[in-house]
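Throughout the sequence shown, residue numbering follows the numbering used here, covering 2 to 84 in sequence. Virtual Cβ for every residue (Gly too), placed ideally from N, Cα, C. In this text, all values refer to a predicted model and were calculated from it rather than measured experimentally.
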Amino acid sequence: MQARYEDRYVELTTRLRSVEAFCDFLAQGGTVRVAEKDGSAFSEVTSVMLSRQRSEAEAIRRMRRSLFPDRGDDDFPPLYSSH
Numbered sequence: 002m003q004a005r006y007e008d009r010y011v012e013l014t015t016r017l018r019s020v021e022a023f024c025d026f027l028a029q030g031g032t033v034r035v036a037e038k039d040g041s042a043f044s045e046v047t048s049v050m051l052s053r054q055r056s057e058a059e060a061i062r063r064m065r066r067s068l069f070p071d072r073g074d075d076d077f078p079p080l081y082s083s084h
């Protein structure tokens with residue numbers, strides 16, 4: 002049970018890191034363009050994506066806080082540990 006508990010925390014933390022990294026990329030000038038259908042012109046949706054990703058990051062943070070109240074927001078375990 003403890004291993005599953007820890008796995009869930011790591012999963013949420015990894016998702017949060019990924020979403021935050023994408024937000025950082027967009028905030029530093031990255032762009033997202035999509036086409037409605039094949040062959041149509043691309044339109045920029047960066048601001049929409051950034052807003053959605055920030056909302057997703059906050060939702061993950063809230064979920065992690067509710068599931069793991071004993072862990073602080075800055076309590077990110079390292080992604081990789083050297084042995």
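> How do the region 30-42 and the region 54-74 stand: do at least 3 beta-carbon pairs fall below 8 Å, yes or no?
Replying inline: no
> Where residue 84 and residue 69 are concerned, what is the direct C-alpha to C-alpha distance, given to the nearest angstrom?
Replying inline: Your numbering for residue 84 matches position 83 in the sequence shown. Your numbering for residue 69 matches position 68 in the sequence shown. Bear in mind that a pLDDT of 46 at residue 84, under 50, signals an unreliable position, so the number given afterwards is only what the model happens to contain. Spanning the two alpha carbons is a distance of roughly 27 Å.
> Under the rule that 16 or more other beta-carbon atoms within 10 Å means buried, what is residue 66, buried or exposed?
Replying inline: The sequence position of residue 66 within the sequence shown is 65, counting from 1. Exposed, because fewer than 16 other Cβ atoms sit within 10 Å of the Cβ of residue 66.
> Is it buried or exposed for residue 49, if we count other Cβ within 10 angstroms and need 16 for buried?
Replying inline: Counted from its first residue, the sequence shown places residue 49 at position 48. So residue 49 counts as exposed.
> Grouping DSSP H, G and I as helix and E and B as strand, with all else coil, what is residue 34?
Replying inline: Locating residue 34 in the sequence shown gives position 33, counting from the first residue. In the structure shown, residue 34 sits in a strand (DSSP, three-state: E or B).
>> Considering only the alpha carbon of each residue, which of 3, 8, 16 lies closest to residue 63?
In response: What you label residue 63 is simply residue 62 of the sequence shown in a count that begins at 1. Minimum Cα distance to residue 63 is reached at 16.
> From the DSSP output, which residues share a beta bridge with residue 45?
Replying inline: Counted from its first residue, the sequence shown places residue 45 at position 44. Under the DSSP definition of a beta bridge, residue 45 partners with 34.
>> Check this for me: beta carbons of residue 35 and residue 61, under 8 Å apart or not?
In response: For the purposes of this step, residue 35 is taken as the residue at position 34 of the sequence shown. For the purposes of this step, residue 61 is taken as the residue at position 60 of the sequence shown. Their beta carbons are not under 8 Å apart, which means residue 35 does not touch residue 61 by this criterion.
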